[in-house]
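Q: Take this structure, written in structure tokens, and hold onto it; I'll ask about it next.
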Amino acid sequence: MGLVVAAMTYLMHQHGGHGEVEAGQGIVDRLSRGLLGLWFYVANTVWPWPSRLFSIPPESLMVRQVMAIGSLAVLGGGIWLWGKLEESRCGVIRCGLAWAGFALLPVVGVVAAGPYLGADRHAYLAQAGIALSLAAGIDLVSGPLRKGLLVLAFGTSVIFAGLSTVRCADWRDSFSLFAAEMRRSPQSKIAPLHLGAAWLDAGHPREALVFFEKSLEIDPHFELALRNAAKARAQLDSQGVENLP
5 MGLVVAAMTY LMHQHGGHGE VEAGQGIVDR LSRGLLGLWF YVANTVWPWP
55 SRLFSIPPES LMVRQVMAIG SLAVLGGGIW LWGKLEESRC GVIRCGLAWA
105 GFALLPVVGV VAAGPYLGAD RHAYLAQAGI ALSLAAGIDL VSGPLRKGLL
155 VLAFGTSVIF AGLSTVRCAD WRDSFSLFAA EMRRSPQSKI APLHLGAAWL
205 DAGHPREALV FFEKSLEIDP HFELALRNAA KARAQLDSQG VENLP
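Laid out in structure tokens, this is it:
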């Protein structure tokens with residue numbers, strides 16, 4: 005299923021609106037972005053907060069190198085663990101690892117080589133596989149260590165459930181979602197674009213134009229923001245309302 009989704013993602017990006025963005029992405033660029041994306045999802049699994057719709061690659065080359073090395077370590081550790089789990093009773097753990105790997109394949113940046121590393125909503129399928137592996141791993145342990153791991157797993161589940169409840173409030177509507185994204189990712193040009201689109205759809209072109217301009221402050225050549233800003237100004241002109249400077 006992961007391979008099918010990866011193929012569909014690639015084809016849709018090539019023939020859809022992202023084709024021009026990804027046209028210059030070679031295999032080396034895609035693999036590099038894939039390593040950074042993998043680290044984003046690993047970090048999101050360990051501690052999924054602050055939760056962002058889109059993760060922007062860091063500007064520091066050193067930070068990128070650390071992320072890439074960490075991703076290689078995760079890949080190497082996963083392959084080593086897969087080889088060690090040869091007993092039939094470990095099949096569920098292997099199933100969970102495979103589940104996580106194939107679920108991340110379409111979204112780590114190798115297939116969809118966009119300007120972002122990943123998105124929080126793409127992590128949940130992969131995290132289900134990781135949870136399955138961890139639960140099966142606890143089942144292999146006995147004695148006091150097993151009880152301690154069960155307590156730790158329960159406490160972690162309670163904490164993450166609380167974080168999910170907070171995050172669900174952000175998804176109440178487009179206004180709350182993209183306002184939260186602007187707070188957590190102030191350099192994201194997508195968040196103000198979508199927030200402006202929400203205001204425009206609600207019939208408030210002046211408020212929409214404010215956010216389109218914010219998106220253009222981040223990327224003055226962002227075509228969607230330029231197009232939507234022009235649409236908002238046209239609506240203001242038709243209403244006889246003074247445009248923003």
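Heads up, the working numbering is the position in the sequence shown plus 4, with the first residue counted as 1. Each residue gets a CB set at the ideal place from its N, CA and C atoms; glycine is no exception.
Going by CA-CA distance only, name the one from Glu185, Ile73, Arg237, Ala11 that's closest to Gly207.
A: Looking at the Cα atoms, Arg237 is the closest of the given residues.
Q: Report the residue ranges of all alpha helix (DSSP H) runs contained in full by the stretch 163-241; include only those spanning at least 4 residues, in chain order.
A: The qualifying runs are 178-188, 194-205, 209-222.
Q: Please name the residue in Gln239, Leu42, Tyr120 whose C-alpha comes closest to that of Val70.
A: Checked all of Gln239, Leu42, Tyr120; the closest Cα to Val70 is Leu42.
Q: Ignoring anything shorter than 4 residues or poking outside the stretch 18-68, list the alpha helix (DSSP H) runs there in chain order.
A: Counting whole runs of 4 or more residues, the stretch 18-68 contains the alpha helix (DSSP H) stretches 23-26, 31-50.
Q: Given this structure, state the Cα-to-Cα distance separating Leu220 from Ala229, to the nearest angstrom.
A: If you take the alpha carbons of Leu220 and Ala229, they lie about 6 Å apart.
Q: Give the range of the alpha helix (DSSP H) segment to which Cys99 is assigned.
A: Here the alpha helix (DSSP H) through Cys99 covers 95-108.
Q: Measure the beta-carbon distance from Trp103 to Leu144 and round it to whole angstroms, keeping in mind my assumption that it falls under 8 Å.
A: 18 Å between Cβ atoms; not a contact.
Q: In terms of residue numbering, what span does the alpha helix (DSSP H) encompassing Gly147 cover?
A: Unbroken run through Gly147: none, as it is neither H nor E.
Q: To the nearest angstrom, report how far apart Pro54 and Tyr128 are at their CA atoms.
A: For Pro54 and Tyr128, the distance between alpha carbons rounds to 15 Å.
Q: Assuming Gly122 and Ser64 are in contact, meaning their beta carbons sit under 8 Å apart, how far apart are those beta carbons, in whole angstroms?
A: No, Gly122 and Ser64 are not in contact; Cβ-Cβ is about 18 Å, not under 8 Å.
Q: Report all residues from its chain with a CB closer than 6 Å to the CB of Val114; omit the five preceding and five following residues, and keep chain order.
A: So the qualifying residues of the chain are Arg34, Gly38.
Q: Grab the span of the alpha helix (DSSP H) containing Gly133 for me, first residue to last.
A: From DSSP, the alpha helix (DSSP H) with Gly133 extends over 127-143.
Q: Return the CA-CA distance between Tyr45 and Gly74, expressed in angstroms with no decimal places.
A: Distance between the alpha carbons of Tyr45 and Gly74 is about 12 Å.
Q: Using the three-state DSSP reduction, which class does Gly113 fall into: helix, strand or coil?
A: Here Gly113 sits in coil by DSSP.
Q: Hey, how far is the Cα of Ile142 from the Cα of Val214?
A: Each residue's alpha carbon lies about 52 Å from the other.
Q: Excluding five sequence neighbours on each side, which residues of the same chain lie with their C-beta closer than 6 Å to the C-beta of Ala130?
A: Correct list, in chain order: Ala104, Ala107, Leu108.
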